[in-house]
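Asks: Next up is a structure, given as structure tokens.
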Amino acid sequence: PFFSSMLETLSKLGTWWARRSTHNKKFQQVLDLQEVYMITSLRKNYLARKAEDPSFDVDNIPQEKFLELCNYEQAEEMGYQKLRASVEQNLAEQVNPLMQYVIKLGGKNPYPKPVYKSEKLNNPYNVAREERKKLLDEYFKTKIDSKNVENFIPGDTIEHPDGFKLQIRKSRIDHPESGYGVWVMGKVLPGTLIGFYPGVVYPTTSLTEEVVIDNDYIIGRYDNMVIDGRHWDKRAYLQKETFQKMEYATGDADVDEEIAKKKFRNPFGICNYINHPGHGVQHNVVNCAYDFPFDTPSEVQHYIPNVNASKETWHTFQPHVLIKCVAVVTKRVVEDEELLMNYRYNPKHEYPDWYHQPDPEAAERRWATSRISRFLKLN
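When we follow our numbering, the leftmost residue of the sequence shown carries the number 19, and every step to the right adds one.
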């Protein structure tokens with residue numbers, strides 16, 4: 019409770035720089051960065067203190083110590099550039115060991131394979147070549163929700179190096195369009211990196227109607243880059259099917275194909291399955307922009323669950339960036355529950371009937387100067 023009230027207070031204060039800014043979108047960006055900086059700092063500082071004093075308990079931290087662990091004063095005083103760099107550093111300290119863990123694991127396909135009500139969609143490759151294109155088009159257009167799925171078979175359990183488990187299984191949200199969700203088994207500290215939002219990365223200037231229309235799996239960053247996470251799991255399935263058929267036909271695995279499928283085998287590239295909370299329920303994770311640097315080792319690059327829509331993106335202006343991604347971290351202590359993320363849709367457009375806006379003021383600030391579609395999620 020104190021953690022929630024403290025963040026609420028912070029959202030009203032902002033930094034010295036932000037309070038004097040009339041640019042609403044930038045103001046909200048600073049507030050969001052402050053939140054991520056504080057919760058990731060809390061995790062880092064708590065673990066350091068816990069190593070010194072094993073009796074130190076995250077559920078019973080005194081108020082004055084809590085503010086200290088969150089680096090509250092630093093968050094309040096930092097300018098934008100230093101704040102952004104500090105968030106990037108805090109995230110990198112978790113991203114790097116998580117990716118090394120994935121490499122050591124050899125990757126793992128975390129995505130479930132539901133049983134559709136239409137039998138032909140369960141094996142879209144199991145048809146004659148002339149019928150395959152039409153069936154694959156239908157396969158990609160069919161939403162994985164209660165109207166189309168007979169049995170929501172859960173995905174494999176994912177072991178996180180921090181000691182808890184993740185699993186994609188049927189969401190608890192009661193709505194005809196609800197489908198899978200991401201569940202936690204065990205206890206997770208605030209500020210813990212859950213994973214990444216997978217998909218194709220576009221600059222907003224390259225978005226087409228085909229990508230945007232009827233797509234609520236697009237997530238936007240403040241720098242006008244977006245990630246389309248729609249069909250990522252289906253592409254993973256088809257990638258596996260294609261690879262297996264080629265291997266069977268040739269008797270050998272092509273090295274390029276082996277590398278190409280790794281991006282679909284990052285077990286933490288699952289955050290496109292995280293749902294928006296229902297009415298009266300608070301979100302328990304937040305997302306934030308994260309850039310993999312250009313000098314990222316090749317073995318790590320292979321497991322980044324994102325691809326650029328075009329080679330001609332931002333590299334002319336930001337040659338130090340390999341790919342722009344979105345990371346997801348816990349907002350509070352999370353224990354044996356479904357993960358929920360505020361999608362923060364654009365209030366200038368009509369919402370889907372299942373959506374409600376948890377924080378209208380923040381949404382107004384976030385989209386103050388936006389020309390992007392309503393179906394872009396926070397950050």
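Backbone N, C-alpha and C define an ideal beta-carbon position, used for all residues, glycine too.
Looking at C-beta atoms only, is the number of pairs between the segment 85 to 92 and the segment 54 to 69 that lie closer than 8 Å three or more?
Replies: Touching, yes.
Asks: Looking only at its own chain, which residues have a Cβ that is under 8 Å from the Cβ of D77, when we skip the five neighbours before and after it?
Replies: Counting only Cβ-Cβ distances below 8 Å, and skipping sequence neighbours, we find V351.
Asks: By alpha-carbon positions, which one of I231, I322, C88 ends up nearest to P208?
Replies: Checking every option, the nearest Cα to that of P208 belongs to C88.
Asks: According to the Cβ coordinates, are A381 and P365 closer than 8 Å?
Replies: Closer than 8 Å, so yes.
Asks: Use the C-beta contact count for I292: other C-beta atoms within 10 angstroms, 16 or more gives buried, fewer gives exposed.
Replies: With 16 or more Cβ atoms within 10 Å of its Cβ, I292 is classed as buried.
Asks: Can you find the residues in the same chain that come closer than 7 Å, C-beta to C-beta, to H178, ignoring five residues on each side of it along the sequence?
Replies: Correct list, in chain order: L184.
Asks: Taking Y235 as the reference, which of R190, D246, D155 has the closest Cα?
Replies: Checking every option, the nearest Cα to that of Y235 belongs to D246.
Asks: Have a look at I237 and S224 and give me their C-alpha separation to the nearest angstrom.
Replies: C-alpha separation (whole angstroms): 15 Å.
Asks: Could you tell me whether any Cβ in chain B is nearer than 8 Å to the Cβ of P115?
Replies: Judged by its chain identifiers, the structure shown contains no chain B, having just a single protein chain.
Asks: Identify whether L207 lies in helix, strand or coil by the three-state DSSP scheme.
Replies: It is coil, neither helix nor strand.
Asks: Tell me which residues share the same chain as H297 and place their Cβ nearer than 8 Å to its Cβ, disregarding the 5 neighbours each side in the sequence.
Replies: These residues qualify, in order along the chain: H374.
Asks: Start and end of the alpha helix (DSSP H) containing M359?
Replies: M359 -> no alpha helix (DSSP H), and no H or E assigned at all.
Asks: To the nearest angstrom, report how far apart N302 and V202 are at their CA atoms.
Replies: Near 11 Å, if we compare the C-alpha coordinates of V202 and N302.
Asks: Reducing DSSP to helix, strand and coil, say where N16 ends up.
Replies: Absent from the model: residue 16. The displayed extent of the chain is 19 to 397, so no value can be given.
Asks: Going by DSSP in three states, A307 sits in which element: helix, strand or coil?
Replies: Reduced to three states, the DSSP call for A307 is strand.
Asks: Relative to the C-alpha of L60, which residue among K43, D75, M359, E86 is closest?
Replies: Checking every option, the nearest Cα to that of L60 belongs to E86.
Asks: Please report the straight-line C-alpha distance between K349 and E149, rounded to a whole angstrom.
Replies: Near 47 Å, if we compare the C-alpha coordinates of E149 and K349.
Asks: Should I121 and E317 be called a contact, given that it needs their Cβ atoms to be closer than 8 Å?
Replies: Against a cut-off of 8 Å, the Cβ pair of E317 and I121 comes out as a contact.
Asks: Could you compute how far the alpha carbon of F310 sits from the alpha carbon of F158?
Replies: For F310 and F158, the distance between alpha carbons rounds to 29 Å.
Asks: Leaving out five residues on either side along the sequence, give the residues of the same chain with a beta carbon under 6 Å from the beta carbon of D163.
Replies: If we look at D163 and ignore the five residues flanking it on each side, its Cβ neighbours are E195, G197.
Asks: What alpha helix (DSSP H) runs, 4 residues minimum, are completely inside the segment 128 to 180?
Replies: Qualifying alpha helix (DSSP H) stretches, in chain order: 147 to 159.
Asks: Counting Cβ pairs, one atom from each stretch, are 3 or more of them under 8 Å apart for the segment 101 to 116 and the segment 129 to 145?
Replies: No: the two stretches stay apart, fewer than three of their Cβ pairs being nearer than 8 Å.
Asks: Checking 8 Å against the spacing of the C-beta atoms, do L211 and A69 come in under that value?
Replies: Not a contact, by the Cβ cut-off of 8 Å.
Asks: Taking the straight line between their C-alpha atoms, what separation do you get for S136 and K252?
Replies: Taking the straight line joining both Cα atoms gives about 16 Å.
Asks: Cutting at 7 Å between CB atoms, please list the residues of its own chain near F232, excluding the five before and the five after it.
Replies: At residue 232 the sequence reads Asp, which differs from the Phe that was named. Contacts found: none.
Asks: If V229 sits next to Y240, beta carbons under 8 Å apart, how far is it from one beta carbon to the other, in whole angstroms?
Replies: Not a contact, Cβ separation roughly 19 Å.
Asks: Tell me the rounded alpha-carbon separation between N360 and P378.
Replies: Answer to the nearest angstrom: the Cα atoms are 11 Å apart.
Asks: Pull up the distance between the alpha-carbon of F170 and that of L153, whole angstroms please.
Replies: When rounded, the distance between both Cα atoms is 21 Å.
Asks: Output the boundary residues of the beta strand (DSSP E) element that contains M243.
Replies: Residues 243 to 246.
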